[in-house]
Structure formats: structure tokens, C-alpha cells
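Okay, so here's the structure we're looking at.
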Amino acid sequence: MALLEITDLNVRYGEIVALRGVSFAVEEGQVVTLLGANGAGKSTTLRAISGLAKPASGDILFDGKSIAGLGPEAIVRMGISHVPEGRRVFPGLTVKENIMLGGSNRRAAKAELGREADAMFDLFPDIRKFSGALGWTLSGGQLQMVAVARGLMAKPRLLLLDEPSLGLAPVIVQAVFRIISEIRRTTTVLLVEQNARMGLSVADQGYVLETGRIVLGGKPEDLWANEGIAAAYLGGHGKPAAGLAAH
Amino acid sequence: MDLVLQLLFTGIGIGAVYALVALGFVLIFRATNVVNFAQGEFSMVAAYIMVVCAVDLALPYWLSFIIALAGMAVVGLVFNLGVYYPLRHRTYLPVIIATIGASILMANGVLALYGPQPQVLPGWFETPGIQLGPVYLDSQYLLIIAVTVVLVIFNYWFFEHTMLGKKLQATSQDKEMASLLGISVSTMIMITFIYSAVLGGLAGLLVAPLLFVSIQMGSTIALKAFAATIIGGFGDVAGAIIGGLALGIIETFGAAYISVPYKDGFAFLVLVLFLVFRPQGIFGERVAEKA
Chain L
4 MALLEITDLN VRYGEIVALR GVSFAVEEGQ VVTLLGANGA GKSTTLRAIS
54 GLAKPASGDI LFDGKSIAGL GPEAIVRMGI SHVPEGRRVF PGLTVKENIM
104 LGGSNRRAAK AELGREADAM FDLFPDIRKF SGALGWTLSG GQLQMVAVAR
154 GLMAKPRLLL LDEPSLGLAP VIVQAVFRII SEIRRTTTVL LVEQNARMGL
204 SVADQGYVLE TGRIVLGGKP EDLWANEGIA AAYLGGHGKP AAGLAAH
Chain P
220 MDLVLQLLFT GIGIGAVYAL VALGFVLIFR ATNVVNFAQG EFSMVAAYIM
270 VVCAVDLALP YWLSFIIALA GMAVVGLVFN LGVYYPLRHR TYLPVIIATI
320 GASILMANGV LALYGPQPQV LPGWFETPGI QLGPVYLDSQ YLLIIAVTVV
370 LVIFNYWFFE HTMLGKKLQA TSQDKEMASL LGISVSTMIM ITFIYSAVLG
420 GLAGLLVAPL LFVSIQMGST IALKAFAATI IGGFGDVAGA IIGGLALGII
470 ETFGAAYISV PYKDGFAFLV LVLFLVFRPQ GIFGERVAEK A
């Protein structure tokens with residue numbers, strides 16, 4: 004049984020249909036990447052899974068139980084942590100406080116959350132020195148690290164990452180993806196990316212969304228192998244350079 | 220010089236009352252993005268509960284005080300469930316109008332239950348006050364200042380050093396993100412309403428012995444407190460407290476040196492000056508909320 008199984012999912016925002024009949028599965032231990040252009044429905048898929056968007060129809064099974072229509076507070080308690088687009092680090096709280104609040108889905112004392120947040124800096128050494136800095140003072144890359152660290156504090160079985168590379172310098176993007184390959188050893192990841200190369204470089208499985216539908220899915224090497232598909236959906240360059248593929 | 224010290228003491232005392240009500244305004248505004256126009260009515264309702272308990276039923280003063288504050292916690296809870304919760308997914312406008320409606324309901328509800336005659340509430344202490352050098356320290360003003368100091372310290376500790384305080388701050392900064400972390404947003408907002416109602420009620424209980432307890436007392440206090448929040452910088456906790464104290468001092472000095480009948484006018488004159496020359500208030504808008 005897959006950890007996450009989505010069947011014929013439809014989501015609407017008022018009159019606008021954002022997702023039409025989306026179905027896919029995420030196996031435990033995998034990294035699955037959703038690719039597609041702006042407005043294709045990638046973020047909506049994540050929002051439906053984490054409970055921010057209510058499905059109009061279809062089902063979402065997590066560990067065999069239906070979570071479609073539950074609220075975000077209930078879903079994160081079941082073990083799905085969503086790091087949304089735009090990082091959404093609380094601007095008026097410090098880095099450490101932001102990370103500590105990531106454990107709000109569990110019953111943990113303040114001191115324990117503090118220790119766990121300190122331990123989290125081992126995975127994110129770049130932000131350790133900003134522990135006491137307020138969220139709004141950080142750069143985009145630092146904010147992304149804080150957002151991912153906060154998402155991991157929930158001790159999720161499934162981590163949803165929405166466009167972690169957006170707006171970051173290439174060297175920072177590589178640092179973020181190094182962290183994702185660390186995370187995948189312990190946590191299943193559903194990743195949304197516009198950056199197809201980076202997104203597929205860490206993935207076991209990739210899907211391409213177009214105007215609310217999944218138009219393509221498969222193993223990264225198969226997606227790259229098909230020249231036509233690669234040109235149309237993955238940035239138009241066919242197989243990536245060897246150096247990038249190594250990540 | 221003696222007069223100046225005396226006026227300063229009185230001004231800080233009355234300013235502390237405005238600060239408590241202003242704090243209630245700011246906390247609700249930060250949690251819900253809505254100005255609660257019934258904030259002053261919390262003070263009025265608490266004062267009437269106090270009159271019923273301490274005067275009409277002749278219960279001990281401290282017990283009446285506790286009953287009134289507990290009553291305000293219930294009022295805050297009901298207010299949250301009845302006024303805010305059903306409209307929480309709407310824009311701010313229906314919620315603001317609902318708070319205006321609630322304020323009319325509370326004022327007229329008390330009028331219907333208790334009648335229009337203003338009531339007198341004695342102060343907590345039988346000693347009227349103590350003479351300290353040139354300054355006469357009225358016992359009720361001393362109580363107001365002491366309670367406000369304790370509350371400001373408690374408020375700081377609560378928001379800066381407890382996880383619940385951090386969750387409340389997180390909720391006020393980004394509700395959707397807070398809910399993604401498993402923070403119960405509706406519980407956080409409920410706690411905010413209860414706390415703000417108790418703060419408003421406390422202000423009412425403290426100031427009531429200095430005024431008549433009347434249906435109108437809520438709106439007068441609320442207007443001053445609202446002016447205080449704008450002077451301090453809207454949405455800023457420290458600004459609300461400093462703004463409240465500043466307003467109390469300004470109107471006390473204005474009354475003493477310029478004109479007693481225009482006492483209330485000074486508060487609003489200062490408000491207008493701030494709106495014209497420094498609309499962001501003393502502390503400005505917090506950068507944090509802009510980022």
C-alpha cells in the first residue's frame with residue numbers, strides 16, 4: 004500500500020477548476036516530484052493534501068485512511084507536514100521560535116522543543132548563527148532553510164515541499180537540494196518544482212501537470228529519455244548535463 | 220513643581236486605564252485584523268457586575284472583583300462564539316459591524332436589566348490615600364498603577380516566554396501557516412477574546428470608583444483608548460501602553476493648566492495632530508508586519 008494515494012481528485016476555486024481528475028501515489032521512502040508551469044495545479048495539489056483546499060470530489064488516502072476534507076490542523080497531526088510556497092516564516096518571531104513552533108502538532112514541552120530545534124541546526128548549519136534573529140531579517144535562502152527545518156519539526160512521515168528553489172541563487176538551490184537528499188533517508192517527500200532538472204535529480208518518480216491534469220508520469224530517466232516530452236515539459240534540453248544529473 | 224508631580228501621578232493613573240483598554244484593542248486587532256468596537260463595553264459590563272456583587276449583594280470586595288473578572292472571561296468567550304466565529308471567513312467589514320452591533324446590544328442590555336441611574340462604586344481601600352512629601356497618593360490611583368505594572372510584566376512574560384504566547388503571535392502573523400503547523404487558530408483567537416475582555420473588564424473595575432458607573436462609561440473609555448492606540452502606533456503592544464499613559468498625562472495637564480471643561484477635547488486634539496503629522500504613531504508600524 005502506498006503511503007499517499009490520490010484518486011480522481013478535483014479541486015475548484017469558485018468557478019475556476021484548479022485540478023481535474025488527478026491520480027497518483029507516493030510510496031513510503033520515495034521522493035516524488037510534481038512538475039509543471041505556473042498555474043498548472045502543483046501548489047493546489049499540495050494544498051488539497053494538507054487540508055488548505057477542500058476537494059470537490061475524489062479521495063486522498065494517507066496510510067490507508069481518507070484525509071480528504073479534514074482541516075490542516077488534523078492532517079499535520081497525522082504526519083503530513085506542508086512547507087508552503089513563499090516559505091511563510093513568521094516575520095516577527097526568531098528563527099529558533101519559528102522552528103520550535105514546527106512541533107506544535109505534537110505534545111512536547113517548551114524545553115524539549117528547544118533542544119530539538121538546536122539539534123535541527125546540525126542539518127542546517129548555515130542558519131545556526133541566526134537562531135535569535137527575527138524572521139523578516141533573513142535572506143530568501145535562509146528563510147527556505149528555516150521553513151524546511153520548521154516543517155521537519157513536525158516529525159512528518161510525509162513532507163510536502165512547494166518550490167523550495169524559487170527565487171534562490173543557483174548555489175543556494177544546490178544547498179537546498181543537498182538537504183532534500185539528506186531528508187529522503189528518513190522521510191518521504193512530495194516535491195513541487197518549476198526547476199525540472201533539480202526537481203527530477205532527487206526524485207524516484209516524476210509527474211508533469213498541465214492545466215490541472217497529470218499529462219505525464221514516470222521515472223526521471225524515462226522522462227528525460229523521451230526527447231519530445233523533455234522538450235515540451237522539462238525545459239527543452241533533453242538529457243541534463245552529466246554534472247547536474249549526479250546530484 | 221508640587222502641582223506638576225501631583226498631576227503626573229494622576230495622569231499616569233488615568234492613563235494606565237486607557238493603556239489596559241488599548242491593550243485589549245491591539246491584541247484583538249492583531250489576532251483578527253478587526254477593531255473591536257465593543258472593547259469599551261467590556262469595561263462597562265464589568266463595572267455593573269461589580270456594582271451588583273459588591274454594592275447590591277454586599278459581597279466582599281475581593282470576591283466581587285474575582286466574580287466580575289470571571290464574568291468577563293465568559294463574556295469574552297460568548298463574544299468570540301457569537302460575534303466573531305460565525306463571520307471569521309468573511310472580510311473585516313461584517314465583523315466590525317458585528318462588534319458595533321454587539322456594543323449596542325451590551326449597552327442596551329445593561330440599561331434594560333439595571334435601569335438608567337448612574338451607580339456609585341466605592342474604591343477597594345478604606346484609606347483614601349497617603350501623603351508622600353508634596354504629593355498626595357490616592358489609594359485607588361495607586362491600585363490602578365500597581366495592577367497595570369503587574370499586568371504589563373505578565374503580558375510581556377506571557378507573549379515572549381511561553382509557547383502559548385508564541386502560538387498566539389504566530390496566529391496573528393499568519394493564520395494559514397499557523398494552522399499548517401497544527402496550531403488551533405480558532406482556539407488561539409478564542410483565548411485572545413477572553414484575555415481582551417478580562418483586560419477591558421479590569422480597566423472598568425479599576426476606573427469605576429473614580430467615575431459614576433453608567434451605560435456611557437464604556438464608550439468614553441473606548442474612544443480615549445482607541446486614540447491611545449493610534450498615538451502609540453496601531454497594532455503595537457508597547458505603543459498602546461505608552462500611548463495610553465501619554466494620553467492620560469496630556470489630558471490631566473490640559474485640564475489643570477488650560478481648561479477643565481475641554482478635558483476630553485485634549486485627547487482628541489492630540490489624536491488629530493498625530494493623524495495629521497505622524498499617522499504611524501510614536502512607534503510606527505512594525506517592520507515585522509510589512510515583511
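Chains as they are written, first to last, in our numbering: chain L, 4 to 250; chain P, 220 to 510.
Think of the CB as a built atom: it goes at the ideal place given N, C-alpha and C, for glycine as much as any other residue.
Can you tell me whether Tyr-303 (chain P) is helix, strand or coil according to DSSP? helix
Taking Lys-386 (chain P) as the query, report the chain L residues whose CB atoms sit under 9 Å from its CB, ordered along the chain. Leu-104, Ser-107
Please classify Pro-243 (chain L): is it buried, with 16 or more other beta-carbons within 10 angstroms of its beta-carbon, or exposed? Confidence at Pro-243 (chain L) is low in this model, with a pLDDT of 47, below 50, so the placement of that residue is unreliable and no value is reported for it.
Leu-37 (chain L) beta carbon less than 8 Å from that of Gly-54 (chain L): no
Collapsed DSSP secondary structure at Ser-84 (chain L) in the structure displayed: strand
Could you check what DSSP says for Val-92 (chain L) in three-state terms: helix, strand or coil? coil
Less than 8 Å between CB atoms is the rule here; does Ala-157 (chain L) satisfy it with respect to chain A? No chain A is present in this structure, whose protein chains are L and P.
Let me see if you follow: with CB-CB separation under 8 Å, is Leu-162 (chain L) close to chain P or not? no
Three or more C-beta pairs closer than 8 Å, one from the region 237-249 of chain P and one from the region 446-457 of chain P: is that the case here? yes
Beta-bridge partners of Arg-216 (chain L), as assigned by DSSP: DSSP lists L:Glu-213 as partners of Arg-216 (chain L).
Report all residues from its chain with a CB closer than 7 Å to the CB of Val-270 (chain P); omit the five preceding and five following residues, and keep chain order. Gln-338, Leu-340, Val-432
Could you round the C-beta distance between Leu-370 (chain P) and Ala-266 (chain P) to whole angstroms and report it? I think they count as a contact, below 8 Å. Leu-370 (chain P) to Ala-266 (chain P), Cβ: 18 Å. No contact.
Quick one, which residues of the region 22-51 of chain L are near chain P if we go by CB-CB under 7 Å, in chain order? Of all residues in the region 22-51 of chain L, none has a C-beta nearer than 7 Å to a C-beta of chain P.
Establish whether the CB of Met-382 (chain P) and some CB of chain L are separated by less than 8 Å. yes
Cutoff 8 Å: Leu-222 (chain P) Cβ touching any chain L Cβ: So, not an interface residue.
Short-range partners of chain L found in the region 398-416 of chain P, where Cβ spacing is below 8 Å: Ser-398, Leu-399, Leu-400, Gly-401, Ile-402, Ser-403, Val-404
Taking DSSP as the reference, what is the three-state secondary structure of Thr-310 (chain P)? coil
Residues in the same chain with beta-carbon distance under 7 Å from Leu-45 (chain L), minus the five sequence neighbours each way, listed in chain order, please. Contrary to the premise, residue 45 (chain L) reads as Lys rather than Leu in this sequence. These residues qualify, in order along the chain: Leu-37, Gly-39, Val-195, Leu-212.
Taking beta-carbon pairs under 7 Å, can you tell me which members of the region 80-97 of chain L lie near chain P? Only Arg-80, His-85, Pro-87, Arg-91, Phe-93, Pro-94, Gly-95, Leu-96 from the region 80-97 of chain L bring a Cβ to less than 7 Å from some Cβ of chain P.
Taking the alpha-carbon positions, what's the Val-302 (chain P) to Gln-350 (chain P) distance? 47 Å
Once DSSP output is grouped into helix, strand and coil, what is the label at Leu-55 (chain L)? In the three-state reduction of the DSSP assignment, Leu-55 (chain L) falls in the coil class.
Between Gly-209 (chain L) and Leu-226 (chain L), what straight-line distance do the alpha-carbon atoms span, to the nearest angstrom? 8 Å
Thr-472 (chain P) to Leu-226 (chain P), Cα distance in whole Å? Correcting the residue identity first, residue 472 (chain P) is Phe in this sequence and not Thr. If I take the Cα positions, the gap works out to 6 Å.
Taking DSSP as the reference, what is the three-state secondary structure of Gln-350 (chain P)? strand
Assumed close pair Leu-64 (chain L), Glu-30 (chain L) - CB separation to whole angstroms, cut-off 8 Å: In fact, because the Cβ distance is near 13 Å, the residues do not count as touching under 8 Å.
Neighbourhood of Glu-508 (chain P) by C-beta, 8 Å cutoff - its chain only, sequence neighbours within 5 removed: Per-residue confidence for Glu-508 (chain P) stands at a pLDDT of 45, beneath the threshold of 50, marking its modelled position as unreliable; no derived number is given.
Run through chain L and tell me which residues come within less than 9 Å of Gln-225 (chain P), C-beta to C-beta. Result: empty, since nearest Cβ-Cβ is about 40 Å, beyond 9 Å.
I want to see whether chain L comes within less than 8 Å of Met-396 (chain P), judged by CB atoms only; does it? yes
Is it buried or exposed, Thr-189 (chain L), if we count other Cβ atoms within 10 angstroms and call 16 or more buried? Around the CB of Thr-189 (chain L), fewer than 16 other CB atoms lie within 10 Å, so the residue is classed as exposed.
In angstroms, rounded to a whole number, what distance separates the CA positions of Ala-152 (chain L) and Phe-124 (chain L)? 8 Å
At least 3 beta-carbon pairs within less than 8 Å: the region 154-169 of chain L vs the region 86-105 of chain L: They touch, by the three-pair rule.
Taking the runs of the alpha helix (DSSP H) that are 4 residues or longer, which of them lie wholly in the region 111-192 of chain L? 113-126, 143-155, 173-186
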